[in-house]
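Participant:
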Amino acid sequence: MIAKTNYLGLNLTSPIIAGSSGLTDNIEKLIELEKSGAGAIVIKSLFEEEIIQEMNTSHDQSLENGLTFPETLDMFDRVSDTNSVFDYLEFIKEAKNKLSIPIIASINCLSSQKWTYFAKKIEEAGADALELNIFQMPSDFDRPNSYDLEKIYFDIINTVLPQISIPVALKPSFYFSNLGPILQQFSQTGVKGLVLFNRFFSPDYDIDKLEVIPTNILSSPSDLAISLRWIAIMHQRVNCDLCASTGIHNGQAVIKEILAGANAVQIASVIYKEGPKIIQEMNEFIIKWMEKKHYKSIDEFKGLLSQKNIRNPSNYDRVQFVKNFRNFD
């Protein structure tokens, strides 16, 4: 038995996708991930700033073109160790030549500025799909209106979609005041999938050096709850596929996300911790569980425990909160 699934219109031999990370930035790693049983791979993200930097010969020229983040371009001069934009396209071509599973490109973006032409280049290079990882924190005090933040997402989607024919997935954050309705609206734009959710930098402090340092870089199993809840709530409420991300560290978690309504899941942290072999172990667990439950396909149990399908849908809302904390001593 093989736990096949369909995601973004792509036929996957496993619901487990290797997510965009340093694990997906060279061909040898991709081949190892495929051999370990990954159903698809999201290659390491190219940042919008890198594409714009490649286009422009100086920061002054960037400003002349109406770009408003020279400080971010300056940051890339100092810390970027990624390949050039041209190398990214060549990487896609080589990956498609050497692997048989779907290759999904990824752009980490924050606007619909000059970079969006590059989506067509990605399609021409042979990528099977494009994931838009939109990085927008609700901390811009010059944009106090939540509509302004939401509009950026729609601007990006509406600029990219007409330029390409390959499927596009959107990877948003959960920082929305009306998360359910806005996810539903995203799904009605023509995107083929929603990846719930992207993962932000988490700050900590070094109190001796008085510096800001990163923390919680890798996810933990406890992070599963956020995507599990929202996959379950959005199942059958969106016009596209759902993919879960963050906190998926074993086969049980994959099954839970599918029961909630996910077509597929993305993993990275657990591969960093356990190595690519963990994918094979997770696949084997899924198959044994399906055999035990007499399921012949993922579709037979996908969404079985989603909010739309359980007997008491209020379990995903306030009722469960009240029940848990009333009995918690």
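So the sequence shown is residues 176 to 504, counted in the numbering used here.
Each residue gets a CB set at the ideal place from its N, CA and C atoms; glycine is no exception.
1) Is it the case that the Cβ atoms of residue 216 and residue 177 are separated by a distance below 8 angstroms?
2) Does residue 180 pass the burial test, meaning 16 or more other C-beta atoms within 10 Å, or should it be called exposed?
3) Is the stretch 377-396 in contact with the stretch 350-362, if contact means three or more CB pairs nearer than 8 angstroms?
4) Leaving out five residues on either side along the sequence, give the residues of the same chain with a beta carbon under 8 angstroms from the beta carbon of residue 223.
5) Determine the closest residue to residue 369 out of 438, 457, 482, with distance taken between C-alpha atoms.
6) Within 10 Å of its beta-carbon, does residue 511 have 16 or more other beta-carbons around it, so buried, or fewer, so exposed?
7) Under a Cβ-count criterion, where at least 16 other Cβ atoms within 10 Å of its own Cβ denotes burial, should residue 266 be classed as buried or exposed?
8) Check residue 368 in the structure and name its three-state DSSP category.
9) Suppose only complete runs of 4+ residues qualify. What are the alpha helix (DSSP H) ranges in the stretch 288-363, listed by chain order?
10) Would you check if the distance between the CB atom of residue 436 and the CB atom of residue 394 is smaller than 8 angstroms?
11) Which runs of the alpha helix (DSSP H) at least 4 residues long sit entirely within the stretch 365-453? Give them in chain order.
12) Go through its chain and collect everything with a Cβ distance to residue 199's Cβ below 6 angstroms, but skip five positions before and after it.
13) According to DSSP, is residue 470 helix, strand or coil?
14) Name the one or two DSSP bridge partners that residue 280 has.
15) Give the straight-line distance between the Cα atoms of residue 440 and residue 410, rounded to the nearest whole angstrom.
16) Which residue wins for smallest C-alpha separation from residue 226, given the options 466, 270, 296?
17) Let's see if you can read the secondary structure: which residues bound the beta strand (DSSP E) around residue 187?
Facilitator: Let me spell this out:
1) Not in contact: residue 216 and residue 177 (Cβ atoms no closer than 8 angstroms).
2) Buried: at least 16 other Cβ atoms inside 10 Å.
3) No: fewer than three Cβ pairs fall under 8 angstroms.
4) Here residue 223 has 282, 283, 284, 285, 286, 288, 290 as same chain residues with Cβ atoms under 8 angstroms from its own Cβ, once five neighbours each way along the sequence are excluded.
5) Here the closest residue by C-alpha is 438.
6) As displayed, the chain neither begins before 176 nor continues past 504, which places residue 511 out of reach and without an answer.
7) Counting other Cβ atoms within 10 Å of its Cβ, residue 266 reaches 16 or more and is therefore classed as buried.
8) The three-state reading of DSSP puts residue 368 in strand, counting E and B together.
9) For the stretch 288-363, whole alpha helix (DSSP H) runs of length 4 or above, ordered along the chain, are 293-300, 321-335, 354-362.
10) Between residue 436 and residue 394, the gap from beta carbon to beta carbon reaches 8 angstroms or more.
11) The DSSP assignment places 399-409, 426-435, 444-449 as complete runs of the alpha helix (DSSP H) inside the stretch 365-453, in order along the chain (cut-off: 4 residues).
12) So the list reads 193, 216, 218, 219, once near-sequence residues are dropped.
13) Look at residue 470 here: in three-state DSSP terms it is coil, with no helix or strand label.
14) The partner list for residue 280 (beta bridge, DSSP) reads 305.
15) Roughly 14 angstroms between the two C-alpha positions.
16) Scanning 466, 270, 296 for the CA closest to the CA of residue 226 turns up 296.
17) Unbroken beta strand (DSSP E) run through residue 187: 185-187.
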